[in-house]
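Visitor:
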Amino acid sequence: MKPTRRQFLIGSGVAALATQINLPAMAAAAKTGLKDAYKDRFLIGAAINTSITKGDLPDITEIIKRDFSSVTPENTMKWESVRTPEGGWKWEGADQFVKFAETHKLHAVGHTLAWHSQIPDSVFKNEKGEYIKPAELSKKMEEHITTIVGRYKGKLPAWDAVNEAVGDDNQMRKSHYFNILGEEFIDKTFHLAHEVDPNAHLMYNDYNNEQEGKRNATVDMVKRLQKRGVPINGLGIQAHIAVGGPSIEEIEKSIVAFHNLGLRVHFTELDVDVLPSVWNLPVAEISTRFEYKPERDPFKDGLSKEMNDQLSKRYEDLFKLFIKHKDKIDRVTLWGISDDATWLNDFPIRGRTSYPLLFDRKHQPKDAYYKVLAL
Ligand code: GLA
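Every number in this note's numbering is 432 more than the matching position in the sequence shown, counting from 1.
1. Are there three or more Cβ pairs, one per stretch, closer than 8 Å when the region 656-675 is compared with the region 629-639?
2. From Thr621 to Tyr747, what does the alpha carbon distance come to, in whole angstroms?
3. Buried or exposed: Asp553, going by 16 or more other Cβ atoms within 10 Å of its Cβ?
4. Does the distance from the CB of Leu707 to the CB of Arg728 come in under 9 Å?
5. At 3 residues or longer, and completely inside the region 577-662: list those beta strand (DSSP E) runs for me, N to C.
6. Thinking Ile484 and Phe791 are a contact (beta carbons under 8 Å), I'd like their distance in whole angstroms, please.
7. Using the Cβ count rule (16 or more neighbours within 10 Å means buried), how would you classify Ser786?
8. Could you tell me whether the Cβ atoms of Ala540 and Phe529 are closer together than 9 Å?
9. Let me make sure I understand the geometry here. Which of Ile755, Leu789 and Gly768 has the alpha-carbon closest to that of Ala806?
10. Where does the unbroken alpha helix (DSSP H) through Leu805 begin, and where does it stop?
11. With H, G and I counted as helix, E and B as strand and the rest as coil, what does DSSP make of Lys537?
12. Can you have a look at Leu750 and say buried or exposed, based on whether 16 or more other CB atoms are within 10 angstroms of its CB?
13. Put Arg515 into one of helix, strand or coil per three-state DSSP.
14. Between Arg763 and the rest of its own chain, which residues show a CB-CB distance below 6 Å, the 5 nearest in sequence each way excluded?
15. At 4 residues or longer, what runs of the alpha helix (DSSP H) sit wholly inside the region 739-805?
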C-alpha cells in the first residue's frame, strides 16, 4: 500500500510531529509515557495477545513497559482457550500471560469466568442437543472457576467475573447460562471466585452500558445482586465506542450511576471506531449488513486529517472526563495497543482498515496519544 503523506508523518515518529504537537509532552513521552503521567489518577491498561506474551513483538513490549501499568489477556483465558473439547485444560497461553505480567510488574486482570461467547455449546448441551440439568452446569462452573481462579490466586488482583449478562433488549440475556440457571449463574460465579481468592477484585463487565437503556438495566441487576449478598466490587464499562458517540454526558452518567452503587468503575476495553457503522442500517438490509463494500472502508489508504483530528479530540475529551472522575475510576484499559492488531479490522466486517487505538500500524504514537499524555 502506498503511504499517504499523513501516514508518512505519523510513521516517521516524534521528530516529524514536533512542529504540530505539544513539544514538552513529547519529550516527556520519550522518558516516561502514559503510565507515569497517570500514576496518581488510575491504571492505564491494554489487552494483549499471544504474539506479545510469547515475546514475538519486542517493540510492543517496550511500549507496554513505558506506557501501560495493567494488562488483560485478549483471548487466552476465555473458556475455549483454556479448555479442551473433552473438558481438559490447556494452560500455555494463560500461563504465558501471567508470566509476562509478573516479569514486567504489571497489574493483571483475569478475563473472563462466565461469558456466553467463545465457549462451545457442548458445555451446556448433551449429545441430543438438549440442555443439561442445572446441577450439572453448576458442577462444571464450579470446576472451571475454582481451578482457574485458584491457579492464579494472588497473581491476578482483578477478574472480569461475568461478561455481558444483559442483552441488547436490556433484559437479562437469554444465554445458555441464563436459560439453564437463571440469574443464579451470576451469583454463583462471583461467590465461587470470591471463595477461592477473597482478595480478588471482582467485576461485572459489559458493552453499551454507557447508554441509558443498558445503564438502567445494569443498575437494577446490580441492586438485585447486592441484595442477595453477591460479592461484586467493580463495574466494567467496555467502551467499544465510536468517534461520534455516545456523548461524554452519557458516559459520565454511567460513571456516576455505577459509583453510586458502591462499585469501583473500570473502563475495560476502550477503543474508538472511526469507520462507518453498519449496526443501524434498516433491518431489511440485514443480509448485506456485514458485507465488505469499499464505501464501508473509507480510510484504506490512510486516515484523513479531518478524521484524525476528530479521533484525537475524542480521546482528549474522554480522558478529560476520566480525570474528572479519577476518584471513582480504578483503571482505563484499551482493547489493544496498535491499529494493525485491533479486532475492529475484522469486526463486524472483515478486512477493513481501522484506527481505534493510540498507536498506529507502525507502532508509533498517534496524535491522540500525545493529547492524552498532555492532560
Ligand atoms: C467483548 C469481550 C472481549 C472481546 C471483545 C471484542 O467485549 O469482552 O473479550 O472479545 O468483545 O474482541
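Idealized CB from N, CA, C, for every residue including glycine.
Guide: On the basis of the coordinates in this document:
1. yes
2. Here residue 621 refers to the residue found at position 189 when the sequence shown is read from its first residue. Here residue 747 refers to the residue found at position 315 when the sequence shown is read from its first residue. Rounded to the nearest whole angstrom, the CA to CA distance from Thr621 to Tyr747 is 34 Å.
3. Position 121 of the sequence shown, counted from the start, is the residue given in the question as residue 553. Per the 10 Å Cβ criterion, exposed.
4. Position 275 of the sequence shown holds residue 707. Position 296 of the sequence shown holds residue 728. Yes.
5. The qualifying runs are 590-595 and 633-638.
6. For the purposes of this step, residue 484 is taken as residue 52 along the sequence shown, with counting starting at 1. For the purposes of this step, residue 791 is taken as residue 359 along the sequence shown, with counting starting at 1. Rounded to whole angstroms, the Cβ separation of Ile484 and Phe791 is 12 Å, and the two are not in contact under 8 Å.
7. Within the sequence shown, residue 786 is the residue found at index 354, counting from 1. Label assigned to Ser786: buried.
8. Counting from 1 along the sequence shown, the entry for residue 540 is found at position 108. Counting from 1 along the sequence shown, the entry for residue 529 is found at position 97. Yes, Cβ-Cβ distance for Ala540 and Phe529 is below 9 Å.
9. Walking along the sequence shown from the start, residue 806 turns up at place 374. Considering only alpha carbons, the answer is Ile755.
10. By one-based count along the sequence shown, residue 805 stands at place 373. Element bounds for Leu805: Asp799 to Ala806.
11. Mapped onto the sequence shown, residue 537 falls at position 105. Three-state DSSP puts Lys537 in coil, outside helix and strand.
12. To locate residue 750, count along the sequence shown from 1; it is residue 318. Looking at its Cβ environment, which holds 16 or more other Cβ atoms inside 10 Å, Leu750 is buried.
13. Translated into positions along the sequence shown, residue 515 becomes position 83. The three-state reading of DSSP puts Arg515 in strand, counting E and B together.
14. Within the sequence shown, residue 763 is the residue found at index 331, counting from 1. Within its own chain, the residues whose Cβ lies closer than 6 Å to the Cβ of Arg763, once the five positions on either side in sequence are excluded, are Phe474, Leu475, Gly477, Ser502 and His698, listed in chain order.
15. None, since the region 739-805 contains no complete alpha helix (DSSP H) of that length.
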